[in-house]
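Visitor: So my numbering is basically just the index in the sequence shown, starting at one, shifted up by 19. Got a structure here, written out as structure tokens. Questions coming.
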Amino acid sequence: MQQQATEFGIGEARRVLGEVFAPWVLDLNLSIEGFDFTPPPGAATDWQPGAILRMPFSERLCRNGGIVCGQALMAFADTSMVIANLAANRGYRPMTTVDQTTHFMRAVTGDVLADARVVRLGRTMSFGRVTLMSTTDNKPVAMVSSAFAMLNA
20 MQQQATEFGI GEARRVLGEV FAPWVLDLNL SIEGFDFTPP PGAATDWQPG
70 AILRMPFSER LCRNGGIVCG QALMAFADTS MVIANLAANR GYRPMTTVDQ
120 TTHFMRAVTG DVLADARVVR LGRTMSFGRV TLMSTTDNKP VAMVSSAFAM
170 LNA
């Protein structure tokens, strides 16, 4: 992931993460690990803007057996897509989730990484995908597709 020395970048994304979301989302203790808003030199033609976030393991996020609950994973994916949209828009823009489909692939019992990518950004809608992966073995935990309505400021 890249970080550019401009007014807009990972610092602004971290500020939005700390200031825009509901207090209970902040309780997930998410961190932004990387942030892409411009293709690197030699990027593939299918390059997409996005972000990588981490959700640290916490017993408070678990159901029986120490497994991170689906509700926490879905909130994590949704929040990650907002940050990915921040990258695609090169700044914060009010938006709301229209649809989110989550395919759970297996249980996770540790930290989770979200690789959130904006597949298409339009004037009024944004479409994205998130891959949630276990940091223990780097294998997918869930796949998420989502749509957001871009709101007027």
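Don't be surprised by glycine CBs; every beta carbon is placed ideally from N, CA and C.
Going by beta carbon distance, what residues of the same chain come within less than 6 Å of Ser164, once the five residues before and after it are set aside?
Guide: Within the sequence shown, residue 164 is the residue found at index 145, counting from 1. Around Ser164: Thr120 and Arg148.
Visitor: Indicate whether Leu92 and Val131 have their beta-carbon atoms separated by less than 9 Å.
Guide: Within the sequence shown, residue 92 is the residue found at index 73, counting from 1. Within the sequence shown, residue 131 is the residue found at index 112, counting from 1. Their beta carbons are under 9 Å apart, which means Leu92 touches Val131 by this criterion.
Visitor: Should Val117 go down as buried or exposed, given a rule of 16 or more other Cβ atoms within 10 Å for buried?
Guide: Working through the sequence shown from its first residue, we reach residue 117 at position 98. Flag for Val117 reads exposed.
Visitor: Three-state secondary structure (DSSP) at Arg112?
Guide: Numbered from its first residue, the sequence shown carries residue 112 at position 93. Arg112: coil per DSSP, three-state reduction.
Visitor: Among residues of its own chain, excluding the 5 on either side of Ala126, which ones have a beta-carbon nearer than 7 Å to its beta-carbon?
Guide: Here the question's residue 126 lines up with position 107 in the sequence shown. Ile86.
Visitor: For the beta strand (DSSP E) that Gln137 lies in, which residues bound it at each end?
Guide: Translated into positions along the sequence shown, residue 137 becomes position 118. Correcting the residue type first, residue 137 is Val in the shown sequence and not Gln. Here the beta strand (DSSP E) through Val137 covers Val131 to Leu140.
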